[in-house]
Each structure stands twice: as structure tokens, then as C-alpha cells.
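What follows is a short report on a single structure.
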Amino acid sequence: MSQIAGRKSGLVWAVHLSAFALVALWVIPTLGLLVSSFRTGDQIVGSGWWEAVGTQVQQLPAVRLGGDEVARDGVFVIEGQLFAAGAEVSAWGTSSVAPEAYAPGAVADLDGGVTLTVAVDGGYVLSSPSTMADLRMPRVFATAATPPEFTFENYGTVIASPLAGQSIGQAFLNTLTVAIPATIIPILVAAFAAYALAWMEFPGRALLVAFVVGLLVVPLQLALIPLLQFHNWIGIGKGYLG
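Quick note: the sequence shown uses our numbering, first residue 319, plus one each step.
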């Protein structure tokens, strides 16, 4: 009998596996939110949070070339940068159909003898045998690799300079305004009512107990619409009293 009572269940592994799955179900999304809160907006859009510590490879928005034209050895040249320092071009193109048609340093032949080359650091050189004053500048689609970047800017924006309707301080006060009364008042009322119903004798006590027990059977959701109508009637439907 003692051997039977002391024997472990054969489903212990299932219990452990279920516990691990529940922990992972809660921890992984929370970890993702924490990591994403320290990333820039571009990197959040470009890759998942699990790639935060690796090099980010993403296609940049199309850039319309521009700049001052300079005559150099009988050739008109326009030079510039596609983006700020800190990224490296892995491929580029002049069409949305083939945004990775050229490697860095390759020369693309455009219409009218115009040539374009893009370097690894994002610098471009647009050359033409004639002036490009009336030429519609081409667009460049670049795929760049950027190192991982972490910042506290998101926290600064939310706390110090939030956008309209995004004040975390006001949201915190609103939460306290609702949560504290909604917690304390029912506890006090329930404590007073429980003491009265348990220890005090008064007319209608049994009927009141039956009424309370009957209310416990009613789903809480049935009270939402009457409460909303009551709040709108007293004028606190879209704000906080006081």
C-alpha cells in the first residue's frame, strides 16, 4: 500500500510541459515588448524583436536624387548621399520592379547617356554628357545593412513630450481615479453588509440574504448597459467626476 501511495504519476512530464508552455506564453510577448521599447521606429518596422542584436538589412524608401550640378572635364555631375552615415548599401536599383538590380559600385546606364553609380557608404554620382537642369531626376531604391541601435527616445517621448492624447501621466491618474474607488468602495460595502447579515438581527434579513444570493447568479455583463445609461444621465459618460 505504501508503495502505491508513494508512486509518482506517469503524467509528471505532461504537467512540467504544460507549466513551461504557460510560462513561455506569458514571458515571450513581454520580452518582445521590452526589447522593442528600446529600438528605433525604423528597426521595429523593418525586423522582428528577436533580430534586435543582429545587423538589420532592410529596403529603404525610394530617394529622389538631387543636388547641385557641376561641370567636370566636359561631363555634368551631381553628387550626394542617400542616407546619413552608419549604414552600408548591399544592393540598389532604379526601379521598384528590380530594387536590387545593382551591387554597390556598379554603373547603371540610364536614358540619354546618363549614368549612375552608388557606393557602399550611400554616396551616389549621377553623370551626363549634357546639362541635367531639365531632366527628371531618377529614384534610387537601396537595400542597406545597419548595425543594431538601442535608444531611450521612446521613453522620453512618452514621459516628457507625448503627443496629443498620449500623456502617460494623465493616463496614470485616470487609472487611479477608476481603480482605487472601484476597489475600496466594494470592499467596504461588502464588509459592512457581511457583518450586518452575519451578526445583526433585523426585519427582512432573510429576504435580503436571498436577494444577494440571487444577484450572484445574474451575470455581471447584464449590468454594463444600465450602468452606462446611469453614467450618461449624471454626466460622467465621457469624463471623470470632479
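Cβ coordinates follow ideal geometry from the N, Cα and C atoms, glycine included.
- Between the segment 356-364 and the segment 467-479 there are three or more inter-stretch CB-CB distances shorter than 8 Å, so the stretches are counted as touching.
- Taking a cut-off of 8 Å for Cβ pairs, the segment 361-368 and the segment 418-427 do not touch, as fewer than three such pairs fall below it.
- Proline 537 and leucine 335 have their C-alpha atoms roughly 35 Å apart.
- Here the segment 445-463 makes contact with the segment 403-412; the two share three or more CB pairs at distances below 8 Å.
- When the five nearest sequence neighbours on each side are left out, the beta carbons in the same chain lying within less than 7 Å of the beta carbon of valine 375 are those of Ser408, Thr461, Ala463, in order along the chain.
- Looking at the backbone, the Cα of alanine 337 and that of phenylalanine 490 are separated by about 33 Å.
- Taking 8 Å as the cut-off, the beta carbon of methionine 450 is found no closer than this to the beta carbon of glycine 384.
- Residue pairing of leucine 434 in beta bridges, as defined by DSSP: Ala426, Leu444.
- The C-beta distance from leucine 444 to valine 395 rounds to 7 Å, short enough to fall under 8 Å.
- Collapsing the DSSP output to three states places phenylalanine 394 in a strand.
- According to DSSP, residue pairing for valine 375 in a beta bridge involves Ala463.
- Burial is judged here by how many other beta carbons sit within 10 angstroms of a residue's own beta carbon; leucine 545 has fewer than 16 and is exposed.
- Looking at the DSSP output, glutamine 399 bridges to Gly441.
- In this chain, serine 413 is not harboured by any beta strand (DSSP E), its DSSP state being neither H nor E.
- Taking a C-beta distance under 8 Å as the contact criterion, alanine 478 and glycine 440 do not qualify as a contact pair.
- According to DSSP, phenylalanine 356 shares a beta bridge with no other residue.
- Less than 8 Å divides the Cβ of arginine 523 from the Cβ of leucine 515.
- Of the residues assessed, proline 379 falls on the exposed side of the cut-off, its CB having fewer than 16 other CB atoms within 10 angstroms.
- When the alpha-carbon of glycine 364 is set against those of Gly372, Val353, Gln377, the nearest one is in Gln377.
- The alpha-carbon of glycine 372 is positioned some 15 Å away from that of glycine 350.
- Here glutamine 399 is exposed. Its C-beta has fewer than 16 other C-beta atoms within 10 Å.
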